[in-house]
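Last residue of the sequence shown: 28 (full-length UniProt numbering), numbering continuous. Cβ atoms here follow ideal geometry from the backbone N, Cα and C, with glycine treated the same way. Working notes, structure below.
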Amino acid sequence: MKMCRFLRYCVSHCLHAAMTRLEEVNGE
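Structure follows, in structure tokens:
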């Protein structure tokens, strides 16, 4: 199932981006 793998990658990427953004806001 390529779709499932793509979806998992997208979720992981979004989560990572959100965490990075949170750290940036916290660091300010």
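Backbone CA spacing between residue i and residue j [nearest angstrom]
i: glycine 27; j: threonine 20; result: 10 angstroms
i: methionine 3; j: cysteine 14; result: 16 angstroms
i: histidine 16; j: leucine 7; result: 14 angstroms
i: glutamate 23; j: methionine 1; result: 34 angstroms
i: arginine 5; j: serine 12; result: 11 angstroms
Contact test: residue i Cβ vs the ligand ATP heavy atom, cutoff 7 angstroms
i: alanine 18; result: This structure lacks the ligand ATP; in fact it carries no ligand of any kind.
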